[in-house]
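*Asks:*
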Amino acid sequence: MLAGAIYALSLTGLSVYGQSAVSSAASSSVASGSVATSSAASAASSGATSSSVSGSTNTEATALTFSLTVTNPTAIPLASITANETSLATIPLPSTATPGATNTFLSGAPALPNPTSIVSSNYPTLDKVPPTDSDEVQQWISEVAASGISIPNITQTVLGGCPANAEAAADTSRCWWSCTGCVRDTDVQECPTKLTWGLTYDDGPSFYTPNLLAYLTANDLNATFFTVGSRCAQFPVTLQEEFMAGHQIAVHTWSHPYLTTLTNEQVIAELGWTKKVIKDVTGVTPNMMRPPYGDIDDRVRNISIAMGLTPVMWTRINATATFDTDDFDVHGGLASSYGVLNNWQNIITQANEIDTGFIVLEHDLFEETVQLATGYILPSAMNQSFDIMPVINCLNKPLSDAYIETNDNSTNPPAASGVTILIWFSGVVTLSSGAPGSASATGAASSSNSGIGLEVSGISIAQTLSGGFVFIALFL
Ligand SMILES: [Zn+2]
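Following this line, the structure appears as structure tokens:
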């Protein structure tokens, strides 16, 4: 919680749409009257007049800087969506998944596990960085070491973000996204197709996730949920409902730390336990992750890739314009609901101007964030020209590509490098290794040329075949 507060404050300092709200709002209110964007068009068609308020900021905004054309008729009034809001009742889950059921949205999915099998004693302490000396973490550490992915020797950062790590922030070779916006080819930061919105919600599942799920289902929408492992262990039935409704489940760490502040082993523990609890609850293992706070550098990035997890960020236009609604900060009183919607309007404006689709940062952790999503943001978005879908789909891939067990690797080859094995006197066998060091976990282990199925890692292949075969193994 302390770390979250520090981050929130540093975000305000960074002005991710925060301090730029005034100038952006001013320009967007002008543009909405003259530029034929879809938002301007819908505003015009409704006959709504602008209610711009100049001089407002994210944290102090008490009114909208644009005309809101569509809301959910049952939306909570914006003035009531505050940090001091009285907790409202959550609605029941829209349905109850049956253990043993098959996910009808996911080709090849295994039967749904029984959520009563999720016993807290089988997992690390909730909301703490897991210890690294457990058998599980030691196994994952060895798999990363055997992956063939080199983990750069980058020093850990300290809490406090970019201002507290001036030297690291200035070191562009780290490719530290949250400080410099640097991305690698392995990262997903937008959707390729213009006006396509990769809808994401972070930090759940929570008490309020069922309210969001009900709205998404009622409106035939699907999203990507970057889930916290501790929340998955706490709310396994809700996670199952997300999964069975056809949403994409992805990794957002076990305890929501700043990953660049952790040791390699701790990063592995954070990601590994979250993969495991999701697999235990849903039957499948995600292959995408989002670093909390966007805190990723080449060290964290390569560990993620070595664990079969593709980093997914949110769209960043420049240092002062990332597609962050700042909805997370309403609950803590660091942003107002009006400020969040003003941010959303700025995002819409930018989304209509860029050549690609986009990904927005939102959360399903707090009732305020869910109320803003279901009451305002989603109704507004659905009234415009956006195609809204999970990240895996916005990348033009089927949902089955989002999980190791259901991904046939044909359209979504694993992020990690492959392993090529040449068996000299029995022909050439090319193995497409998935998460390196863990071919069995990628579903990629069957040979395409020889018909031999090898459910072992690249290293184990070498060991297995060493008796009686002459071979050369190249780890690429
Ligand atoms: Zn988060």
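In mature numbering (1 follows the signal peptide of the UniProt record, and there is no 0), the protein residues as written are -18 to -1, 1 to 458.
Quick reminder that beta carbons are idealized off the backbone N, C-alpha and C, glycines included.
1) For ligand 1, any of its heavy atoms closer than 7 Å to the Cβ of H238?
2) Taking a cut-off of 5 Å, which residues have a beta-carbon closer than that to any heavy atom of ligand 1, in chain order?
3) Whole beta strand (DSSP E) runs in the stretch 162 to 201 with 3 or more residues, listed along the chain?
4) State the DSSP-derived secondary structure class of Q230, mapped to helix, strand or coil.
5) Just confirm the distance between the C-beta atoms of G357 and T68, as a whole number of angstroms; I'd bet it's less than 8 Å.
6) Is there contact here, the stretch 202 to 220 with the stretch 166 to 185, by at least three beta-carbon pairs under 8 Å?
7) If you draw a straight line from the C-alpha of Q216 to the C-alpha of S132, how long is it?
8) Can you list, in chain order, the residues of its chain whose CB lies under 6 Å from that of P92, leaving out five sequence neighbours each side?
9) Assuming R213 is part of the beta strand (DSSP E), what are its boundary residues?
10) Is the beta carbon of Q327 sitting closer than 8 Å to the one on I58?
11) The beta strand (DSSP E) with M371 in it runs from where to where?
12) Near H229, which residues of its chain fall below 6 Å by C-beta distance, leaving aside the five closest residues on each side in sequence?
13) On the DSSP bridge assignment, give the partners of V352 in chain order.
14) In the DSSP assignment, the beta strand (DSSP E) including R272 goes from what residue to what residue?
15) Can you give the Cα-Cα distance for A150 and T243, rounded to whole angstroms?
16) Alpha helix (DSSP H) containing I260: first to last residue?
17) Are the CB atoms of A79 and Q222 within a distance shorter than 8 Å?
18) Assign F225 to one of three DSSP states: helix, strand, or coil.
19) Along the chain, where does the alpha helix (DSSP H) containing N334 start, and where does it finish?
20) Taking DSSP's pairing of strands, which residues face Y385 in a bridge?
*Replies:* So, from the listed chains and residues:
1) Result yes, Cβ under 7 Å from ligand 1.
2) Every residue passing the under-5 Å Cβ criterion appears here: D184, D185 and P274.
3) Counting only runs of 3 or more residues that sit fully inside the stretch 162 to 201, the beta strand (DSSP E) segments are 178 to 180 and 182 to 184, in chain order.
4) Strand.
5) G357 to T68, Cβ: 16 Å. No contact.
6) Between the stretch 202 to 220 and the stretch 166 to 185, the count of C-beta pairs closer than 8 Å reaches three or more; the two stretches touch.
7) Their backbone Cα atoms lie some 34 Å apart in a straight line.
8) Around P92: G265.
9) In the DSSP assignment, R213 falls outside any beta strand (DSSP E) and within the unbroken alpha helix (DSSP H) covering G211 to Q216.
10) Not a contact, by the Cβ cut-off of 8 Å.
11) Residues D369 to M371.
12) Answer for H229: N204, A205 and F207, listed in chain order.
13) V352 pairs with nothing; no bridge assigned.
14) Per DSSP, R272 belongs to no beta strand (DSSP E) and is neither H nor E.
15) For A150 and T243, the distance between alpha carbons rounds to 12 Å.
16) Its alpha helix (DSSP H) spans residues N246 to T264.
17) Yes, the pair counts as a contact, with Cβ atoms nearer than the cut-off.
18) Secondary structure at F225: helix, using DSSP grouped into helix, strand and coil.
19) Element bounds for N334: S319 to E335.
20) Beta-bridge pairing links Y385 to P268.
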